[in-house]
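Asker: Submitted below is the structure of interest, expressed as structure tokens.
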Amino acid sequence: MFRQFRSEVEAALADALDALDLPTDDLGIERPPDDMDATLASSVAFRLAGEVGDAPPNVAARVAEAVDADGAAYLASVDTAGPYVNFHANDRYLVDTLDAAAPDAGYGALPDRDTSVVVEHTSANPTGPVHVGRARNPIVGDAVANLLEYAGYDVDRHYYVNDAGRQMAVFTWAYERFDESDLDEPPARDRAEYDLVRYYRKGNAYLEEADPDDVEAAEAEIQSILQGLEAGDEETYERVGEVVDTVLGGMKACLARLPAEFDEFVKETRFMRDGSTDDVAARLKETDHAVYEEDAWQLELDDRGIDKNLVFLRSDDTSLYTTRDLAHHEWKFANYDRAVTVLGEDHKLQADQLDATLELLGNDTDRLGHVIYSYVNLPEGKMSTRRGTGVMLDDLLDEAIDRAREAVEDRMDDRIREDDLTDDDIERIAHQVGIGAVRYDIVSKQPAKAITFEWEDALDFEGQSAPFVQYVHARCCGILDEAEGEGVAVPEPGEPIDVDAASLTTDEARDLLREIARFPAAIESAADDFEPHTIATFTREFADAYNAFYRECPVVTAEDDDLRAARVALVAAAKHTMANALDVLGVEAPESM
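According to the working numbering, the sequence shown is numbered sequentially starting from 1.
In structure tokens form, the structure reads like this:
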């Protein structure tokens, strides 16, 4: 309902400004501060004060007086608070919100936009286990994809596999060169990527430490693998593919724990084999920006504000990752309406070069979006190192589950619900809370800000954390179960409700309804800017509103049947809202905790 209300406010305010012969290009509509009693407010008076030649509060009063709310479905009245024009919703706004949200398990999802989007994320080189420092990519990327789906887009999730670069040539050579007996230690885990990464490390150590003649011979073999890939040699593809696919299989298993799953793993070599990389290189040579310097073809992009040249072809006519990625992105444009890529901060220059070059090639780069994130750090202590190879995502998730299990067991005596939790229940909750804590703590921060992951904050049941917001959903489930046990009707999915929403007169109930009402608009706004962290902010604000309602408004023991039915419907609406907000973030919504 919030989206419809906002549309009414925009139209009414624009009409008022037009009637006053004032510009309507910037309406300044926003959520008011918490201490302001209004559903929406406009700061337009600040912008117009200079033009009108009067103080902002006086301009606001003139604008408010000109607003006509007659005939609006949800706009009840308009007033001012200092320089702000305030817009108030009517009771129908709350009634329709309850009617929409209580029976709709998919509440918050927007209508189909008939627009396809490919979200590429993670895309870590298949050289070994997923490192915790890179964990932000699959977590943020998966949340961005979820968010766009809720916003009505047709979303595909892609992992771009770098299977053509030097790293994979070194890996393939090392895997074929060394035996188990040559390796220094057993795998850290019984999974493919932990097994094979030992060959990759052994190979790199050999190239650094072996006799120069042996290194020269090894480099010749590595170069032959690279040349075989470039030449389209099937045997070389198969050799490299065996290593890539084996390691990638283990990485998939790790990412599935988050979970982060993909519709397609798109291999870099695909764009070498189909000729599109050669086509891109040939077209780039023909541009005015192409120069041959330092034994390589390069693009000068300084007129686009980029100082560093983009190297796109070596002297031996072999392509680079960037060349192949250009072909990859043109393939995206041919198959999708929009493309979003999640990248680490060390790829910012690459993203800028990519955009500029795609534009030079005649592509509409307005269809391309980037989410740039900083890396995750861990505090000193148990998780800071493991055998000198850094902390893997598996380690972090194991630790999260262990700590969550301890927290759940410590809180058993404080539980309000009388249901007995079995060992399986505790294990299920430990997984939901532990992995949810990792995901929520990471996705709740603005991507560009660096993160130091702190266990005490992530698993704080009373703080701004996953357990804090997950507990709202568990409480909703507990109340609805109790209501059903007492014979009180609970809204059925897809079935209209028959309750008297007007009986919800307390401030706490009405405030909760207002939060429910704005959830679809929060989805819309977050999707427009690829900002899932704003949905995490919504869940915290929603949890505060729900907990105030929970404290002040008994549900099953309400004083009369009409009030009980309305509050049960409100709890059902709150449950759907929180469940779907958590689903956007990729965090499970436990039914009990």
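Backbone N, C-alpha and C define an ideal beta-carbon position, used for all residues, glycine too.
Note that the coordinates shown come from a computational prediction; the quantities given were computed from them, not determined experimentally.
Which whole-angstrom value is the C-beta distance of residue 322 and residue 353, which I expect to be below 8 Å?
Answerer: For the purposes of this step, residue 322 is taken as residue 322 along the sequence shown, with counting starting at 1. For the purposes of this step, residue 353 is taken as residue 353 along the sequence shown, with counting starting at 1. Sure, about 7 Å apart at Cβ, within 8 Å.
Asker: Buried or exposed: residue 36, going by 16 or more other Cβ atoms within 10 Å of its Cβ?
Answerer: Locating residue 36 in the sequence shown gives position 36, where the first residue counts as 1. Residue environment analysis places residue 36 among the exposed positions, since fewer than 16 neighbouring C-beta atoms fall within 10 angstroms of its C-beta.
Asker: By DSSP, does residue 446 sit in helix, in strand, or in coil?
Answerer: Within the sequence shown, the letter at position 446 stands for residue 446. Residue state, collapsed to three classes: coil.
Asker: Do three or more CB pairs link the segment 85-98 to the segment 469-489 at distances below 8 Å?
Answerer: no
Asker: Quick check: the segment 125-139 against the segment 179-197, are there 3 or more CB pairs under 8 Å?
Answerer: Yes: the two stretches touch, three or more of their Cβ pairs being nearer than 8 Å.
Asker: Report the option in 553, 331, 344 whose CA atom is closest to the CA atom of residue 361.
Answerer: Translated into positions along the sequence shown, residue 361 becomes position 361. A check of alpha carbon separations from residue 361 across 553, 331, 344 identifies 331 as the nearest.
Asker: With DSSP as the reference, identify every bridge partner of residue 451, one or two as the case may be.
Answerer: As a position in the sequence shown, residue 451 is number 451, starting the count at 1. In the DSSP output, where bridge partners are listed per residue, residue 451 has 376.
Asker: In this structure, how does DSSP classify residue 258 when only helix, strand and coil are distinguished?
Answerer: Numbered from 1 along the sequence shown, position 258 holds the residue referred to as residue 258. Three-state result, residue 258: coil.
Asker: Does the CB of residue 260 have a neighbour CB from chain C at under 8 Å?
Answerer: No chain C appears in this structure, which consists of one protein chain only.
Asker: Answer yes or no: do residue 548 and residue 515 have a C-beta to C-beta separation smaller than 8 Å?
Answerer: Working through the sequence shown from its first residue, we reach residue 548 at position 548. Working through the sequence shown from its first residue, we reach residue 515 at position 515. Not a contact, by the Cβ cut-off of 8 Å.
Asker: Could you check if residue 163 is buried or exposed, using at least 16 other CB atoms within 10 Å of its CB as the buried criterion?
Answerer: Position 163 of the sequence shown holds residue 163. Classification of residue 163: buried, given that the 10 Å Cβ count is 16 or more.
Asker: Residue range of the beta strand (DSSP E) that residue 298 falls in?
Answerer: What you label residue 298 is simply residue 298 of the sequence shown in a count that begins at 1. Residues 296-299.
Asker: Note down the Cα distance separating residue 271 from residue 325, rounded to an integer number of angstroms.
Answerer: In the sequence shown, residue 271 corresponds to position 271, counting from 1. In the sequence shown, residue 325 corresponds to position 325, counting from 1. Just so you know, the alpha carbons of residue 271 and residue 325 end up roughly 8 Å apart.
Asker: Under the assumption that residue 598 contacts residue 115 (Cβ atoms under 8 Å), give the Cβ distance between them as a whole number of angstroms.
Answerer: Beyond the ends of the chain as shown, which are 1 and 593, falls residue 598; an answer cannot be given.
Asker: Starting from the C-beta of residue 401, find all residues in its chain whose C-beta is less than 8 Å away, skip the five residues before and the five after it, and write them out in chain order.
Answerer: Numbered from 1 along the sequence shown, position 401 holds the residue referred to as residue 401. Cβ neighbours of residue 401 beyond the five flanking positions: 430, 431, 434, 435.
Asker: Report all residues from its chain with a CB closer than 6 Å to the CB of residue 594; omit the five preceding and five following residues, and keep chain order.
Answerer: The question about residue 594 has no answer, for the chain in this structure spans 1 to 593.
Asker: If you draw a straight line from the alpha carbon of residue 470 to that of residue 587, how long is it in whole angstroms?
Answerer: One-based indexing of the sequence shown puts residue 470 at position 470. One-based indexing of the sequence shown puts residue 587 at position 587. Computed Cα separation, rounded: 8 Å.
Asker: Just list the residues that DSSP pairs residue 30 with in beta bridges.
Answerer: To locate residue 30, count along the sequence shown from 1; it is residue 30. Bridge partners of residue 30: 41.
Asker: Where does residue 578 land, buried or exposed, given buried means 16+ other C-beta within 10 angstroms?
Answerer: Start at 1 with the first residue of the sequence shown, and residue 578 comes out as number 578. The residue is buried, with at least 16 neighbouring Cβ atoms inside 10 Å.
Asker: Identify which residue in 227, 11, 120 has its Cα closest to the Cα of residue 71.
Answerer: Within the sequence shown, residue 71 is the residue found at index 71, counting from 1. That would be 11, whose Cα lies nearest to the Cα of residue 71.
Asker: For the putative contact between residue 443 and residue 532, defined by C-beta atoms under 8 Å, what is the C-beta separation to the nearest angstrom?
Answerer: The residue labelled residue 443 in the question sits at position 443 within the sequence shown. The residue labelled residue 532 in the question sits at position 532 within the sequence shown. Between residue 532 and residue 443 the Cβ distance is about 6 Å, and since that is below 8 Å, they are a contact.
Asker: Looking only at DSSP bridge pairs, what is residue 369 linked to?
Answerer: Residue mapping note: residue 369 aligns to position 369 of the sequence shown, counting from 1. Partner(s): 340.
Asker: Would you report the Cα separation of residue 384 and residue 258, rounded to the nearest angstrom?
Answerer: By 1-based counting over the sequence shown, the position of residue 384 is 384. By 1-based counting over the sequence shown, the position of residue 258 is 258. In this predicted model, residue 384 has a pLDDT of only 39, less than 50, meaning its place in the structure is not dependable enough to derive any value.
Asker: With a threshold of 8 Å on Cβ separation, who are the neighbours of residue 649 within its own chain once the five nearest residues in sequence on each side are excluded?
Answerer: Summary: the structure shown does not reach residue 649, with the chain confined to residues 1 through 593, and so no result is reported for it.
Asker: What runs of the alpha helix (DSSP H), each 4 residues or longer, lie entirely inside the segment 144-217?
Answerer: 166-177, 192-209
Asker: Should the segment 41-49 be called in touch with the segment 98-116, which here means at least 3 C-beta pairs below 8 Å?
Answerer: At 8 Å Cβ cutoff, the stretches do not touch.
Asker: What runs of the alpha helix (DSSP H), each 4 residues or longer, lie entirely inside the segment 503-570?
Answerer: 507-517, 519-528, 533-552
Asker: Distance check for residue 374 and residue 346, CA to CA, integer angstroms please.
Answerer: Residue numbering aside, residue 346 sits at position 346 when the sequence shown is read from its first letter. Residue numbering aside, residue 374 sits at position 374 when the sequence shown is read from its first letter. C-alpha separation (whole angstroms): 8 Å.
Asker: Pop quiz: residue 328 and residue 150 are said to be a contact at Cβ under 8 Å. What is the actual Cβ separation, rounded to whole angstroms?
Answerer: One-based indexing of the sequence shown puts residue 328 at position 328. One-based indexing of the sequence shown puts residue 150 at position 150. About 27 Å separates the CB atoms of residue 328 and residue 150; that is not less than 8 Å, and the two are not in contact.
Asker: May I ask you to check if the CB of residue 82 is nearer than 7 Å to at least one heavy atom of the ligand ATP?
Answerer: Among the ligands in the structure shown, none appear at all, so the ligand ATP cannot be discussed.
Asker: Using the three-state DSSP reduction, which class does residue 289 fall into: helix, strand or coil?
Answerer: For the purposes of this step, residue 289 is taken as residue 289 along the sequence shown, with counting starting at 1. Residue 289 falls in the coil class under three-state DSSP.
Asker: Quick one: using the 10 Å Cβ neighbour count with 16 as the cut-off for buried, is residue 126 buried or exposed?
Answerer: The residue given as residue 126 occupies position 126 in the sequence shown. Buried.
Asker: Would the segment 551-562 and the segment 493-506 be scored as touching if the rule is three or more Cβ pairs under 8 Å?
Answerer: yes
Asker: Check this for me: beta carbons of residue 460 and residue 468, under 8 Å apart or not?
Answerer: Taking the sequence shown and counting its residues from 1, the one referred to as residue 460 is at position 460. Taking the sequence shown and counting its residues from 1, the one referred to as residue 468 is at position 468. Yes.
Asker: Please state if the CB of residue 63 and the CB of residue 14 are separated by a distance shorter than 8 Å.
Answerer: For this step, residue 14 is matched to residue 14 along the sequence shown. For this step, residue 63 is matched to residue 63 along the sequence shown. In this structure, residue 63 does not lie closer than 8 Å to residue 14 by Cβ.
Asker: Measure the CB-CB distance between residue 1 and residue 93 and report whether it falls below 8 Å.
Answerer: As a working mapping, residue 1 is identified with position 1 in the sequence shown. As a working mapping, residue 93 is identified with position 93 in the sequence shown. For residue 1 and residue 93, yes; Cβs fall inside 8 Å.
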